[in-house]
Every structure is written in structure tokens, then in C-alpha cells.
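In the UniProt record's numbering, the protein residues as written are 1 to 224. Okay, so here's the structure we're looking at.
This is the structure we're talking about:
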């Protein structure tokens, strides 16, 4: 989940649309007050924070986050039309993980988000994803069904990882294409259906975890 704090509605909507099209779940906020209200309920994986805001500015929000033990480790990307060296240095000195000077390209934004998440996520060598009778060892790139290893192609593995990292989240075929085949792939969404089909077969009875959402795409559900 990404929280986006940006008071300009048109810019906020464009950023949210691009991030969602790239496979991210996003919530947008127009000011610091609504943002901190949401933080009381759930913490995101990353915050994109504009400096110029109508109530408290981005620097003030960042300071408040870094003083809070529960928020201080959440990665933050600052964004501002003030593309001055001073603003950039202040933000980074206060603990921001990256800085985008407006105007910036949407693809550059997505690239920066992915880079920050790669740097700040737990070491994949230590992570094993578990979903029902499925196990995915991120460090060793090993997938097991009922404790028995199965062989997947790279794209099948990446699809399974995306589903297991986002249980119950629906992905459109276009989002899966963007995430797994990257933006330079111009194939048809039929490619996704074929790979999901072969992945289901290789996962045996656990293949039923990957559910088709009619007219939309796919999601992974773990039976209760």
C-alpha cells in the first residue's frame, strides 16, 4: 500500500492512476490531517509526500513521522515543485529516502517507488512466503506444494510471488502484464491467461487458490 499526500487533485489523480496501473494499491490524501487520520488505522509500505500542502507542509509531516516510533521506519519519497537544492537537502537530512522535483515523469516516479521499496523491504534471503499448502522461498527461489518442490518458469514464479504477496487482492490482466512483463512488453492479455493456466496445473490442487474474477482478472484466495 502506498499513501500519496498531494493537494493538487489533478496531479494526485494522475499519480494514483499510474501507480495503480503498475500494480500498486494507493490511497490519496489532500492534506496532512486526513493523512494522519488514515495512519491511525493502517500504515503503508511507502509514503509519497508533497512539500507544499495547505495545512502542515511536507517537512513538518516528515518530522512528525520520524519522531514517532511506529512511523519512523516507513520509507518516504518527497515531491515538490520547489526543485531547489535546499528543499532536497532538508528532506533527505530529515530521513526521506528519495526526492522528486516537479515536474517529473510518471514512469520515473514508478521507477523511484520500486527502487525505494527494494531497498527498504526485508532481506529476501530471510523471507519465506506461506499460503495454505504453498511455500515460496524468496532467497532460494524454491516453490513447494505440500512440502514437495515444483519447477516453475521465471514468469510463473513471478506471478505466484505477486499473488502470494497480495492475498485477496484482485489484479487485472493489464496490471499483471505491467508487473511481470514490464512496460516494454507489448503482448496481449491472453499471455497472462496462458501463464496462469500452466501455473495452476503445476500447483496441483493448490492451483485452485488462484481464482478468476470474471471480467476483471485474478486473485489468490486461501481456503478457510
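Cβ atoms here follow ideal geometry from the backbone N, Cα and C, with glycine treated the same way.
What is the rounded straight-line gap between the Cα of residue i and the Cα of residue j?
i, j, result
"residue 100", "residue 145", "43 Å"
"residue 156", "residue 54", "46 Å"
"residue 192", "residue 175", "10 Å"
"residue 184", "residue 127", "In this predicted model, residue 184 has a pLDDT of only 46, less than 50, meaning its place in the structure is not dependable enough to derive any value."
"residue 196", "residue 43", "31 Å"
"residue 17", "residue 109", "12 Å"
"residue 60", "residue 71", "14 Å"
To which residues of the same chain is residue i closer than 7 Å at the C-beta, ignoring the five residues directly before and after it?
i, result
"residue 50", "5, 6, 7, 58, 79, 80"
Please determine, among the options, the residue with the shortest C-alpha to C-alpha distance to residue i.
i, options, result
"residue 218", "148, 177, 202, 140", "177"
"residue 225", "11, 152, 210", "The first residue shown for the chain is 1 and the last is 224, placing residue 225 beyond what the model contains."
"residue 210", "161, 181, 180", "161"
Beta-carbon within less than 6 Å of residue i's beta-carbon, same chain only, minus the 5 sequence neighbours each way: which residues are those?
i, result
"residue 188", "none"
"residue 75", "46, 97, 116, 120"
"residue 158", "180"
Looking only at its chain, what residues have a beta carbon closer than 8 Å to the beta carbon of residue i, apart from the 5 residues adjacent to it on each side?
i, result
"residue 52", "7, 58, 80, 81, 82"
Between which two residues does the beta strand (DSSP E) holding residue i run?
i, result
"residue 46", "46 to 50"
"residue 189", "Run containing residue 189: none; DSSP gives neither H nor E here."
Could you name the residues that DSSP lists as bridge partners for residue i?
i, result
"residue 99", "78"
"residue 171", "218"
"residue 28", "4"
"residue 144", "135, 149"
"residue 130", "135"
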